[in-house]
Structure formats: structure tokens, C-alpha cells
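Student: As you go down the protein sequences, you meet chains S and E in turn.
Take 430 as the starting number for the first sequence in the numbering used here and just add one per residue.
Take 99 as the starting number for the second sequence in the numbering used here and just add one per residue.
The C-beta atom is built at its ideal place from N, Cα and C for all residues, glycine as well.
Small disclaimer: the values here were computed from a predicted structure and weren't measured.
I am attaching a structure below and will ask some questions about it afterwards.
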Amino acid sequence: MAPKKHEEEENLKGTLYLVFALGAFIVITWAACFGLFLERF
Amino acid sequence: MHLHKYEKYWLLFGGGSLIVFLLITGIMAFHNGSHPPSAKNTINHEKVDQIAPFNKPGVHKVSGKDWDYEIVVLASAFYYNPPELEVPVGSKVKFIATSKDVVHGFEISGTNVNMMLEPGYVSEYVTTVDKAGEYLIVCNEYCGVGHAQMHSMLKVVDKK
């Protein structure tokens with residue numbers, strides 16, 4: 430069997446954007462809840 | 099193992115945020131002393147109204163402690179004793195509460211004070227009441243037919 434050729438790099442740009450958009454959403458909502466916790470007594 | 103360049107970016111971001119969140123939780127717990135309101139303190143719930151401090155529920159000014167006021171609350175179906183609490187704004191308050199019969203809740207709405215009151219256990223929470231106003235205290239653990247009517251009021255008033 431011939432050695433496996435290195436596959437062509439996939440284009441993951443859309444995945445990158447979606448992952449970071451989701452990450453930003455989680456960070457923003459978490460920070461908002463934490464801000465609410467700190468602001469209240 | 100081959101990793102795409104972008105995969106390294108989001109793995110780094112995910113791992114980094116995990117570290118940041120754990121650091122914040124650690125600082126809140128060990129430096130700011132933020133803990134669950136269970137005081138690991140047990141009490142005989144059948145005789146609770148004869149045992150200090152629950153023999154005198156109410157707002158008590160204290161000195162020589164880290165806090166200025168102790169608020170002792172005794173919950174029973176379907177009533178908080180005392181039914182109304184008043185403290186001056188800016189004072190550091192320790193809430194000490196327990197239940198006489200079943201599990202009750204002690205939530206001061208619009209604040210971070212939210213405790214479960216279990217018979218036989220004392221729940222405590224220390225906070226500085228820095229905003230004047232009237233705060234409704236509600237039971238948020240279903241305790242029986244009168245649950246929805248079970249409430250009290252915390253009045254944070256300007257110093258005279």
C-alpha cells in the first residue's frame with residue numbers, strides 16, 4: 430500500500446467565525462450575569 | 099497529530115477562558131470569602147425557639163464583630179418571624195436563619211441573598227446592605243398550602 434498523501438487543507442474559515450461568535454456570546458452573557466452578581470448586595 | 103491552524107486558535111481560546119473562569123471562582127471563594135450559606139451548624143429544630151439566638155428573632159445591633167447587625171429569622175409554616183426587618187443603609191449584616199418544621203426558602207428578591215432553610219441546620223449569609231429600599235423576602239421552596247403567602251419585608255432605610 431502506498432503511503433497516505435497529506436490531505437489538502439480544508440477551508441475552516443466559516444467554522445472559525447462560528448466558534449468565536451459562540452465563544453463571544455458565552456463570554457458576554459457570563460460577564461453580564463457576573464456583573465449583576467457583583468452589583469447587588 | 100495534525101491540527102488545523104484555526105483549531106489551535108479556538109482550543110487556545112477555550113482553554114484560556116476555562117483558566118480565567120476557574121481563577122475568578124477561586125478568587126471569589128478564597129479571597130472574597132464567597133461561600134454557600136450553609137454554616138455547617140446544626141440545631142435541635144423541635145426546641146429551636148428556646149435556643150439562642152432563635153429565642154429572640156429580630157434585628158440586633160452587635161459590637162466587636164465583623165458585622166454591625168445580626169438578623170435572626172425563624173421560619174415556620176407559613177410565616178417568618180419577625181415579619182418585617184429594618185436596618186440602616188450601609189451596615190454590614192449577618193443573616194442567621196433556620197426553620198422550625200419543613201424546608202423553607204429565604205430569598206430577598208433583587209439581591210444575592212438566597213438561602214435554603216432546613217430544619218436542624220442554621221443558614222448564614224453576611225453582606226453589606228448598600229442600597230436603600232424595600233426588599234420583599236419570599237419563600238422559594240414549596241412548603242405547603244400557604245407557601246404562596248409566605249413572605250417578609252426587609253427595609254433598608256437612610257440613617258436618621
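Kindly list the residues whose CB is nearer than 6 Å to the CB of E:T226, restricted to its own chain and excluding five residues on each side of it in sequence; keep chain order.
Tutor: Counting only Cβ-Cβ distances below 6 Å, and skipping sequence neighbours, we find K190.
Student: At 9 Å on the CB atoms, spell out the chain E contacts of S:E439, in chain order.
Tutor: Correct list: H102.
Student: With a 10 Å radius around its C-beta and 16 neighbouring C-beta atoms as the bar for buried, classify E:T123 as buried or exposed.
Tutor: E:T123 is exposed by the Cβ-count criterion.
Student: Residues of chain S with CB closer than 9 Å to the CB of E:D256, please, in chain order.
Tutor: Going along chain S, no residue has its Cβ under 9 Å from E:D256, so there is no contact; the nearest lies around 16 Å.
Student: Scan the stretch 439-455 of chain S for residues whose Cβ lies nearer than 9 Å to a Cβ of chain E and list them as they occur along the chain.
Tutor: Those would be E439, L441, K442, T444, L445, V448, F449, G452, I455, in chain order.
Student: Bridge partners for E:S250 per DSSP, in chain order?
Tutor: E:I235.
Student: Taking the alpha-carbon positions, what's the E:F152 to E:Y167 distance?
Tutor: Approximately 15 Å, taken between the alpha carbons.
Student: Buried or exposed: where does E:F204 fall if 16 or more other Cβ atoms within 10 Å of its Cβ makes it buried?
Tutor: Buried.
Student: Measuring CB to CB, does E:M251 end up less than 8 Å from E:L172?
Tutor: No, the pair does not count as a contact, with Cβ atoms beyond the cut-off.
Student: Looking at the secondary structure, which residues open and close the alpha helix (DSSP H) in which S:T458 lies?
Tutor: That run of the alpha helix (DSSP H) goes 442-468.
Student: When DSSP labels each residue in this structure, what does E:I194 get in the three-state scheme?
Tutor: If DSSP states are grouped into helix, strand and coil, E:I194 belongs with the strands.
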